[in-house]
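Read through the structure below, which is laid out as structure tokens, and then see the notes.
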Amino acid sequence: MKKIYVLAVTLISCTAFSQNIQDTTKVKTVETVVLEGKKKLIERKPDRLIFNIGNSVAAAGGTALDALKATPNVKINNDVISIVGKSTVLVLIDDKEVYMSGEQLSRYLEGISAENLSKIEVITTPPAKYSAEGNSGIINIVTKKMKVNSWNANVGSSYQRSRRNTWRSNAAFNLQKDKITLQSSVDLGDRRFLRNWNNDLYYPDAHWENRGITDFKNNYYAVKAALDYKVNERLTLGTKFNASLFDTKNSGTPSFSNIYDSAGVLQKYISTSSFQRVKSQQQVYNLYSEYKLDTLGKKITMDLDYVNYNGPGNRPFSYATYKPNNEIVQGSQFTGLNNTESQIQNFSAKIDTELPLKFVNLSFGGRFSTVKTTNDIAAYKEVNSEMVPDTNISNYFRYKENNEALYVSGSKKIGKWNLQAGLRMEATQTTGYSRELDNTHKNNYIKLFPTLYAMYSIADKTSISFNYSRRINRPSYESLNPFRTINNSNSYNEGNAFLQPAFTDNVELTFTYKNLDSRVYFSSLKNGISQASLIDPATMNNNFVWMNYVDANSFGLAETFTWKPVKWWSSMNTFNLSYSNTQLSIGPERYKGWTADFSTSNDFTLNKPKTAFFNLTYTQDFGGVYNNFTSKAYSTVDISFKYLAFDKKLVISLVGSNIFNGIGYSYQMMNGVKQSFRNIWDNQSFRVSLNYKFGNDKIKTSNRQSGNTEELNRM
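Note that the working numbering has the sequence shown beginning at 25, numbered continuously upward.
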């Protein structure tokens with residue numbers, strides 16, 4: 025078997041409010057296409073692409089978030105993880121949802137060392153056994169597991185410099201002895217970075233120039249443990265426990281909103297100061313069993329899961345309006361304080377059955393999940409130098425959601441055809457209660473989610489495939505909370521207890537020939553959920569409210585080409601072109617147009633012992649239109665170096681990200697007002713890391729489907 029080295033590319037596109045991947049063939053197996061180097065780097069299965077992390081230079085010494093950035097066609101933009109050309113995606117760890125989204129999810133993934141990860145699965149057409157949550161599919165992060173009668177351990181640390189300093193440390197110990205398998209890890213760190221906010225609004229008779237800097241600090245501690253016991257050759261019992269602590273502080277210099285008239289003369293400005301601190305903790309418990317009915321693959325698995333999240337926090341803030349001569353406008357001062365108590369509890373149970381029969385590979389099962397969330401926010405305002413309750417914005421919100429699911433799926437190989445079809449039914453009942461609004465809102469619905477996959481092998485290394493899936497995107501728990509967060513006298517953020525789920529139909533047609541993959545895709549989003557910018561030209565208020573207001577159709581072409589000109593150089597190149605047509609229910613504007621991006625990632629082996637590696641990645645975003653945003657072109661360059669010492673047990677890595685500080689720019693038109701964004705997220709950084717492995721390093725990766733795989737991403 026001829027081996028090649030291929031490094032995966034991370035694409036960057038212009039997805040505005042939230043992420044398909046194909047690749048090539050070098051080794052042919054019965055149902056899996058493999059690109060293999062020192063270890064298999066890329067695997068292609070009928071419904072997913074698998075990125076094996078261990079051989080990635082770019083992910084070395086980093087976190088789970090860094091590993092995602094190095095994964096082919098996965099993009100991270102403003103803390104939103106997505107698949108290129110798609111919208112929202114469901115993120116799992118070992119087939120288990122992490123019950124977070126946005127910034128919370130990013131912080132959680134930063135607390136997981138990439139050294140403890142095995143692979144990342146990008147599933148664009150998930151089988152019916154998976155939750156239908158996530159408009160564009162699933163990203164499953166799989167941790168390392170043990171081989172029989174072995175042990176291993178690793179310790180590591182890293183330092184990263186952007187405009188602030190970040191450090192991380194990690195340790196892991198794993199043991200497999202006879203019938204017992206034990207896994208454990210500890211991760212801790214202190215991440216700090218700056219974000220510059222540059223937001224302009226161009227009203228008919230005025231120009232608002234909003235500028236600010238936020239200083240983010242996040243101290244975290246994460247502990248993970250798992251124990252498996254093999255009762256006999258057929259029955260295995262196990263338990264898992266994860267605990268995470270986060271202390272997050274968001275502060276910064278006062279932000280300013282400068283208001284100019286149509287002639288460009290400063291009329292007044294608003295100065296805003298705020299500080300937010302959230303000390304959150306999360307515990308995840310899992311009990312599972314696996315019973316093998318025979319030695320031919322028939323088995324039954326069962327899972328019980330419980331998740332508990334607590335996030336108390338506080339946010340003091342103040343704002344005032346000033347004249348151009350810095351004289352304060354009387355009556356414009358406001359000082360407030362928000363004390364928050366947030367809790368999320370989830371229990372789920374599920375059962376899965378796999379029956380590989382002579383005429384079909386059959387799987388079926390069911391799942392029950394119940395979620396309870398509570399948000400209690402006590403608001404205060406300053407009156408005569410004393411803080412008194414502000415009953416206008418104080419809020420208590422309670423939400424409960426039950427979800428029941430049944431599914432059946434079958435696959436069959438007939439000659440050159442590989443077929444797979446499934447159907448999943450999900451029933452949902454929700455109840456939201458707001459004390460201040462004295463309102464209870466209920467919603468009940470039952471939906472069907474079909475999946476279909478067909479692949480035809482034309483010849484050796486040549487195939488064509490078609491797949492279809494229907495997905496759902498339920499609102500996050502945070503977006504359902506109707507609490508209003510005051511930004512300044514002209515702006516606030518607000519949730520919406522009446523949000524409905526969004527639905528997406530995805531169709532893909534893929535042609536693979538040797539080292540070239542060509543994919544044509546179409547996606548139709550209905551009732552999409554996003555935070556709408558509600559602009560009133562008369563009052564010049566700009567409020568951000570969660571709404572169902574997006575209907576969008578998009579299609580595109582994705583090309584992936586791998587190339588190995590010499591033994592020591594491998595290259596992976598991807599080009600993506602897409603067209604979107606978006607209609608918003610809150611305004612007359614229709615947004616349609618093209619967007620494109622290109623990326624090339626090159627891996628170089630620097631010496632004969634294969635202990636020194638260098639990676640150079642260049643990404644060019646050509647800008648264009650995606651949903652209701654228009655973006656300008658920009659580019660990024662990443663470099664990384666990895667060196668293996670002491671019989672390859674010590675890994676030294678150096679990573680430079682976005683070394684030329686490429687910055688994106690985007691804008692939207694809302695109610696006749698242009699709003700532009702140029703935010704600097706401190707992505708230019710340098711990282712150095714050390715990781716030492718000892719013991720028996722023969723790690724076997726495995727994957728299990730646990731119960732609560734839908735709710736974590738919605739936190």
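By construction, the Cβ of each residue, glycine as well, lies at the ideal position given by its N, Cα and C atoms.
>> Measuring straight from C-alpha to C-alpha, what distance separates TYR346 and ASN223?
In response: Stepping through the sequence shown from its first residue, residue 346 is reached at position 322. Stepping through the sequence shown from its first residue, residue 223 is reached at position 199. The alpha-carbon atoms of TYR346 and ASN223 are separated by roughly 19 angstroms.
> By Cβ distance, which residues of its chain are closer than 8 angstroms to ASN173, with the 5 residues on each side in sequence left out?
Replying inline: As a first step, residue 173 must be located in the sequence shown, where it is residue number 149. Hits under 8 angstroms: GLN200, LYS201 and ASP202.
>> So, under 8 angstroms CB-CB, LEU218 and ARG187 are touching, yes? Tell me the CB distance rounded to an integer number of Å.
In response: For the purposes of this step, residue 218 is taken as residue 194 along the sequence shown, with counting starting at 1. For the purposes of this step, residue 187 is taken as residue 163 along the sequence shown, with counting starting at 1. Yes, they are in contact, since the Cβ atoms of LEU218 and ARG187 sit about 5 angstroms apart, within 8 angstroms.
>> According to DSSP, is LYS503 part of a helix, a strand, or is it coil?
In response: Position 479 of the sequence shown holds residue 503. The sequence given here places Ser at residue 503; Lys does not occur at that position. Three-state result, SER503: helix.
> Can at least three beta-carbon pairs, one atom from the region 602 to 621 and one from the region 658 to 667, be found at a separation below 8 angstroms?
Replying inline: Contact fails: fewer than three Cβ-Cβ distances are below 8 angstroms.
>> Taking its Cβ as the centre, do 16 or more other Cβ atoms sit within 10 Å of TYR333, making it buried, or is it exposed?
In response: Along the sequence shown, one-based indexing puts residue 333 at 309. It is buried - the Cβ of TYR333 has at least 16 other Cβ atoms within 10 Å.
> If we count the other Cβ atoms within 10 Å of its Cβ and call it buried at 16 or more, is GLN306 buried or exposed?
Replying inline: Position 282 of the sequence shown, counting from 1, holds the residue named residue 306. Here GLN306 is buried: its Cβ has 16 or more other Cβ atoms, across all protein chains shown, within 10 Å.
> For LYS538, which three-state DSSP category applies?
Replying inline: As a working mapping, residue 538 is identified with position 514 in the sequence shown. LYS538 falls in the coil class under three-state DSSP.
> In this structure, what does DSSP give as the bridge partners for SER295?
Replying inline: By one-based count along the sequence shown, residue 295 stands at place 271. Partner(s): PHE280 and ALA344.
>> On the criterion of 16 or more Cβ atoms from any shown chain inside 10 Å, does SER595 qualify as buried, or is it exposed?
In response: Position 571 of the sequence shown, counting from 1, holds the residue named residue 595. SER595 counts as buried, since at least 16 other C-beta atoms from the protein chains shown sit within 10 angstroms of its C-beta.
>> My parser needs the alpha helix (DSSP H) runs of 4 or more residues fully inside the region 114 to 199; what are they?
In response: With a minimum length of 4 residues, the continuous alpha helix (DSSP H) runs that stay inside the region 114 to 199 are 126 to 134.
> What did DSSP end up calling ILE77 once you bin it into helix, strand or coil?
Replying inline: Taking the sequence shown and counting its residues from 1, one reaches residue 77 at position 53. Assignment of ILE77 by DSSP, reduced to helix, strand and coil, places it in the helix class.
> Thinking C-beta only, is ALA195 closer than 8 angstroms to ALA138?
Replying inline: Along the sequence shown, read from residue 1 onward, the residue named residue 138 stands at position 114. Along the sequence shown, read from residue 1 onward, the residue named residue 195 stands at position 171. Cβ distance not < 8 angstroms, so ALA138 and ALA195 don't count as in contact.
> Taking just the CA atoms, how far does LEU523 sit from THR464?
Replying inline: Stepping through the sequence shown from its first residue, residue 464 is reached at position 440. Stepping through the sequence shown from its first residue, residue 523 is reached at position 499. Near 13 angstroms, if we compare the C-alpha coordinates of LEU523 and THR464.
> Where does ASP90 sit, in a helix, a strand or coil, going by DSSP?
Replying inline: Numbered from 1 along the sequence shown, position 66 holds the residue referred to as residue 90. Helix, per DSSP.
>> For GLU314, which residues in the same chain have their Cβ closer than 7 angstroms to its Cβ, ignoring the five residues on either side in sequence?
In response: On the sequence shown, residue 314 is found 290 positions in, with the first residue counted as 1. Around GLU314: THR260, LYS323 and THR325.
>> Helix, strand or coil, according to DSSP, for PRO317 in the structure here?
In response: Taking the sequence shown and counting its residues from 1, one reaches residue 317 at position 293. First, the residue type needs correcting, since residue 317 is Leu and not Pro in the sequence shown. Looking at LEU317 - three-state DSSP - the assignment turns out to be coil, as it is neither helix nor strand.
> If you follow the beta strand (DSSP E) that GLU428 is part of, which residue opens it and which one closes it?
Replying inline: The count along the sequence shown starts at 1 and reaches residue 428 at position 404. Membership of GLU428 in the beta strand (DSSP E) is indicated by the continuous run 419 to 438.
>> Residues in the same chain with beta-carbon distance under 7 angstroms from ARG254, minus the five sequence neighbours each way, listed in chain order, please.
In response: Taking the sequence shown and counting its residues from 1, the one referred to as residue 254 is at position 230. Checking the displayed sequence, the identity of residue 254 turns out to be Lys instead of Arg. These residues qualify, in order along the chain: LYS203 and THR260.
>> If I measure Cβ to Cβ from THR359 and keep anything under 6 angstroms in the same chain, skipping five residues before and after, which residues do I get?
In response: The residue labelled residue 359 in the question sits at position 335 within the sequence shown. Closer than 6 angstroms at Cβ, skipping near neighbours: SER342 and GLU406.
>> If you measure between the beta carbons of PHE665 and LEU678, is that distance less than 8 angstroms?
In response: On the sequence shown, residue 665 is found 641 positions in, with the first residue counted as 1. On the sequence shown, residue 678 is found 654 positions in, with the first residue counted as 1. By the CB criterion at 8 angstroms, PHE665 and LEU678 fall inside the cutoff.
>> If contacts are defined as beta-carbon pairs under 8 angstroms, then LYS143 and ILE74 qualify, I think. What distance do you get, rounded to the angstrom?
In response: Position 119 of the sequence shown, counted from the start, is the residue given in the question as residue 143. Position 50 of the sequence shown, counted from the start, is the residue given in the question as residue 74. Confirmed, Cβ separation roughly 5 angstroms.
>> In whole angstroms, give me the CA-to-CA distance for GLU518 and ASP271.
In response: Within the sequence shown, numbered from 1, the residue matching residue 518 stands at position 494. Within the sequence shown, numbered from 1, the residue matching residue 271 stands at position 247. About 24 angstroms.
> Are the beta-carbon atoms of VAL113 and SER181 separated by less than 8 angstroms?
Replying inline: Here the question's residue 113 lines up with position 89 in the sequence shown. Here the question's residue 181 lines up with position 157 in the sequence shown. No. Outside cutoff.
> Who are the Cβ neighbours of ASN497 in its own chain at under 6 angstroms, not counting the five residues just before and after it?
Replying inline: Here residue 497 refers to the residue found at position 473 of the sequence shown. Correct list, in chain order: THR112, ASN159 and ALA526.
>> Please return the same chain residues whose Cβ sits closer than 7 angstroms to the Cβ of THR377, not counting the five positions on each side in sequence.
In response: As a first step, residue 377 must be located in the sequence shown, where it is residue number 353. ILE324, SER387, PHE388 and GLY389.
> Once you ignore the five residues that flank THR624 on each side, which residues in its own chain have a CB closer than 6 angstroms to its CB?
Replying inline: Mapped onto the sequence shown, residue 624 falls at position 600. In chain order, ASN597 and TYR642 place their CB closer than 6 angstroms to the CB of THR624, counting only its own chain and leaving out the 5 sequence neighbours on each side.
>> Mapping the DSSP letters down to three states, classify SER286 as helix, strand or coil.
In response: Here residue 286 refers to the residue found at position 262 when the sequence shown is read from its first residue. When DSSP states are grouped into helix, strand and coil, SER286 belongs to the coil group.
>> Below 8 angstroms on the Cβ atoms is my contact criterion, and I expect ASN600 with GLY580 to pass it. Report the Cβ-Cβ distance as a whole number of Å.
In response: In the sequence shown, counting from the first residue as 1, residue 600 sits at position 576. In the sequence shown, counting from the first residue as 1, residue 580 sits at position 556. Correct: roughly 6 angstroms between the Cβ atoms.
>> Rounded to whole angstroms, what is the Cα-Cα separation between MET449 and LYS550?
In response: Position 425 of the sequence shown, counted from the first residue, corresponds to residue 449. Position 526 of the sequence shown, counted from the first residue, corresponds to residue 550. Near 19 angstroms, if we compare the C-alpha coordinates of LYS550 and MET449.
> Would TYR469 be called buried (16 or more neighbouring beta carbons within 10 Å of its own) or exposed?
Replying inline: Sequence index remark: in the sequence shown, residue 469 carries index 445 (1-based). Exposed, since its Cβ has fewer than 16 Cβ neighbours within 10 Å.
>> Rounded to the nearest angstrom, what separates LEU31 and ASN626 at their Cα positions?
In response: As a first step, residue 31 must be located in the sequence shown, where it is residue number 7. As a first step, residue 626 must be located in the sequence shown, where it is residue number 602. Residue confidence is low: LEU31 scores 31 on pLDDT, short of 50, so the model does not pin down where it sits. No coordinate-derived value is stated.
> In three-state terms, what does DSSP make of MET564?
Replying inline: By 1-based counting over the sequence shown, the position of residue 564 is 540. Here DSSP, grouped into helix, strand and coil, assigns MET564 to coil.
>> Tell me which residue opens and which closes the beta strand (DSSP E) that GLN699 is part of.
In response: Stepping through the sequence shown from its first residue, residue 699 is reached at position 675. Taken as a continuous stretch (DSSP letters only), the beta strand (DSSP E) holding GLN699 covers 697 to 701.
> For the 8 angstroms Cβ check, are there 3 or more pairs between the region 228 to 241 and the region 268 to 287?
Replying inline: Touching, yes.
> Looking only at its own chain, which residues have a Cβ that is under 7 angstroms from the Cβ of MET693, when we skip the five neighbours before and after it?
Replying inline: As a working mapping, residue 693 is identified with position 669 in the sequence shown. Here the set comprises GLU613.
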